[in-house]
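J.: Got a structure for you, questions after.
Okay, structure coming up:
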């Protein structure tokens, strides 16, 4: 079983290096005060803090399942940072991202996974299981969000997960969906051990881990203008979603098995 003591370091951005214009959220490569480089996901981007929550919870659960994911850190952006940026779009993004953001350790020299590359069947099955569990719609043939680094497969970008929080209603029903988008998963064809992956996940994931995961969400990411709930009540919705979804995993496992056929 994985170590279930969860914590993230907090670093401060010192240098904005360049924007990474893949997708619509304008992440960036930046250097922090620990002298490491990070891919920074900004709270001022399209889906705001909900995207950061997806990235955080998805990454924590992936790590708990023993999958390779770059180190996640909280990244602080000072109020004066970016005022000298010439690009107005980037300047606005930085302005609206003051405070706490999220970063992934930059994997220098990593190569993008190409669809069709041979992958261990159990590993492929665990990744498909994870994405169906967190309802990640964005690991497809068009956008694999997988990297090859040090001869291992690494997972990146879980910001399109937990899409129920954009409508923010019918939480219990959302947790019990079979996840029809699994049919588009880039690794589905190689995921021949979904039952084994489910058994593994059921042995590893539990309420204690989910509680620790949702408690990692910074409170200022939970002050939503479009929700009546308090930060603690929003946190509880995520906790209940994860618990309910795990208990009904047979729904999305069957959906994935049917899609493979």
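Residue numbers (the UniProt record's numbering): 1 to 261.
No residue lacks a Cβ here, since even glycine has one placed at the ideal position from N, Cα and C.
(1) From residue 4 to residue 59, what does the alpha carbon distance come to, in whole angstroms?
(2) Kindly indicate which three-state DSSP category residue 214 falls into: helix, strand or coil?
(3) In this structure, how does DSSP classify residue 119 when only helix, strand and coil are distinguished?
(4) Please report the residue range of the beta strand (DSSP E) in which residue 101 lies.
(5) I need the boundaries of the alpha helix (DSSP H) containing residue 88, first residue and last residue.
(6) Just list the residues that DSSP pairs residue 49 with in beta bridges.
(7) Alpha carbon to alpha carbon, how far is residue 110 from residue 180? Give it in angstroms, no decimals.
(8) Write down the C-beta distance between residue 32 and residue 49 rounded to the nearest angstrom, noting that I regard them as a contact closer than 8 Å.
(9) For residue 13, does the three-state DSSP call read helix, strand or coil?
(10) From this set, 14, 26, 131 and 47, which residue's C-alpha is nearest residue 226's C-alpha?
(11) So who's on the other strand from residue 185, going by DSSP bridges?
(12) For residue 231, does the three-state DSSP call read helix, strand or coil?
(13) Give me the Cα-Cα distance between residue 124 and residue 37, rounded to the nearest whole angstrom.
(14) So, with DSSP's three-state summary, where would you put residue 114?
(15) Is it buried or exposed, residue 18, if we count other Cβ atoms within 10 angstroms and call 16 or more buried?
(16) What is the residue span of the alpha helix (DSSP H) that residue 76 lies within?
(17) Between the stretch 170 to 178 and the stretch 189 to 198, do at least 3 Cβ pairs fall closer than 8 Å?
(18) Pull up the distance between the alpha-carbon of residue 26 and that of residue 199, whole angstroms please.
T.: Taking the geometry as given:
(1) The pLDDT assigned to residue 4 is 45, lower than 50, so where the model puts this residue is not dependable; a value taken from the coordinates is nonetheless given after this. Distance between the alpha carbons of residue 4 and residue 59: 13 Å.
(2) helix
(3) coil
(4) 99 to 105
(5) 88 to 95
(6) In DSSP, residue 49 forms no bridge with anything.
(7) 31 Å
(8) Not quite, the Cβ-Cβ distance comes to about 20 Å (not below 8 Å), so this is no contact.
(9) strand
(10) 47
(11) 140
(12) helix
(13) 28 Å
(14) coil
(15) exposed
(16) Not the alpha helix (DSSP H): residue 76 falls in the beta strand (DSSP E), residues 72 to 77.
(17) no
(18) 37 Å
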